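K.L.:
Below is a structure I'd like to ask you about.
Protein chains: 2
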Amino acid sequence: MKFNEQQIELVTELMKSIAHPIRMKILCFLMEGEKNVGEIEQQFGSTISNISQHLTVLRKANIIDRRKEANFMFYSLKDNNILKLMETLKNNFC
Amino acid sequence: MKFNEQQIELVTELMKSIAHPIRMKILCFLMEGEKNVGEIEQQFGSTISNISQHLTVLRKANIIDRRKEANFMFYSLKDNNILKLMETLKNNFC
DNA sequence: GAGGTATCTGAGAGTATAGTAAAATACTTA
DNA sequence: TAAGTATTTTACTATACTCTCAGATACCTC
Chain V
1480 MKFNEQQIEL VTELMKSIAH PIRMKILCFL MEGEKNVGEI EQQFGSTISN
1530 ISQHLTVLRK ANIIDRRKEA NFMFYSLKDN NILKLMETLK NNFC
Chain Z
1480 MKFNEQQIEL VTELMKSIAH PIRMKILCFL MEGEKNVGEI EQQFGSTISN
1530 ISQHLTVLRK ANIIDRRKEA NFMFYSLKDN NILKLMETLK NNFC
């Protein structure tokens, strides 16, 4: 069996980014559509600072996009593949 | 939006277990069928000890099963959901 | 431009994870 | 039962992750 090291690296980085309770919840929440940081924060128990850091992790992993509007930042799922992955997770493991 | 904390915890634990290059490769390899530790070790560069530890992680996360035969341990994917997840990963991200 | 709101960044401490090497266990065969 | 093979466990070290707190930005309104 032959592995494409780069792809393995890429997929595991992606998985790692998703593999955290707060980030998983953020992604579930974003399945509903675009949300700003305050809206996200209200869903969970953590601080804005902490959530902002998790959002950065997701953004650097190319999982979510952000858009600025006045002094709000709106975050959203980046593409369909992530949505599909989340749905697979939900269907098979939730 | 309401989250089932326990399920989130479960899914993220699962993701965390998968989110490592060696473990990802082990799972890919096990998609072919049952393998023993030596066979797995020969696929990658790491030591048997290290691989054994990763197998333990996967086993504790309920992702793989093992079966003893003489002094060999045979490992295999535990169920269909894992297979489906791996396929989704392959299709959408590889 | 002063004050307020929303978000981000950086430092520090605590915890978790990964890899390596050495010793331990379990089984087989001579 | 001694020696050999396959695998696991333990101990240790290094690195990475997570959270909290204290500023720092950016933008808006008065």
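Chains as they are written, first to last, in the numbering used here: chain V, 1480 to 1573; chain Z, 1480 to 1573. We treat Cβ as the ideally placed atom computed from N, Cα and C, and that holds for glycine. Just so you know, these numbers come straight off a predicted model, no measurement behind them.
Is the CB-CB distance between N1541 (chain V) and K1557 (chain V) below 8 angstroms?
P.N.:
In this structure, K1557 (chain V) lies closer than 8 angstroms to N1541 (chain V) by Cβ.
K.L.:
Give a yes or no on whether the minimum CB-CB distance between A1540 (chain V) and chain Z is below 8 angstroms.
P.N.:
Taking Cβ atoms only, chain Z never reaches closer than 8 angstroms to A1540 (chain V), which makes this a no.
K.L.:
State the DSSP-derived secondary structure class of M1494 (chain V), mapped to helix, strand or coil.
P.N.:
It is helical.
K.L.:
Using a beta-carbon distance below 8 angstroms, is A1549 (chain Z) in contact with chain V?
P.N.:
No, no contact with chain V.
K.L.:
Could you tell me how far apart the beta carbons of I1543 (chain Z) and L1564 (chain Z) are, in whole angstroms, since I believe they sit closer than 8 angstroms?
P.N.:
I1543 (chain Z) to L1564 (chain Z), Cβ: 13 angstroms. No contact.
K.L.:
8 angstroms is my cut-off, CB to CB: does I1543 (chain Z) come that close to chain V?
P.N.:
Chain V contact via Cβ: absent.
K.L.:
Can you pull the chain V residues whose beta carbon is under 7 angstroms from the beta carbon of I1530 (chain Z), in chain order?
P.N.:
By Cβ distance, chain V contributes nothing, its closest Cβ being about 15 angstroms from I1530 (chain Z), past 7 angstroms.
K.L.:
Measure from the C-beta of V1490 (chain Z) to each C-beta in chain V and report whether the shortest distance is under 8 angstroms.
P.N.:
Judged by the 8 angstroms Cβ criterion, V1490 (chain Z) is in contact with chain V.
K.L.:
Relative to the C-alpha of V1516 (chain V), which residue among V:I1527, V:E1566 and V:L1506 is closest?
P.N.:
Cα-wise, what sits closest to V1516 (chain V) is V:I1527.
K.L.:
With DSSP as the reference, label E1484 (chain V) as helix, strand or coil.
P.N.:
In this structure, E1484 (chain V) counts as helix in the three-state DSSP scheme.
K.L.:
Compare the Cα-Cα distances from H1499 (chain V) to each of Z:E1492, Z:K1504 and Z:I1505 and report the closest residue.
P.N.:
Nearest C-alpha to H1499 (chain V): Z:E1492.
K.L.:
According to DSSP, is I1519 (chain Z) part of a helix, a strand, or is it coil?
P.N.:
Here I1519 (chain Z) sits in helix by DSSP.
K.L.:
Can you grab the Cα-Cα spacing for the pair F1553 (chain V) / I1497 (chain Z), in whole Å?
P.N.:
Straight-line Cα distance between these residues: approximately 30 angstroms.
K.L.:
How is S1525 (chain Z) classed by DSSP in three states: helix, strand or coil?
P.N.:
Three-state result, S1525 (chain Z): coil.
K.L.:
Starting from M1503 (chain V), find everything on chain Z with Cβ-Cβ shorter than 8 angstroms and list it in chain order.
P.N.:
Result: I1487, V1490, T1491 and M1494.
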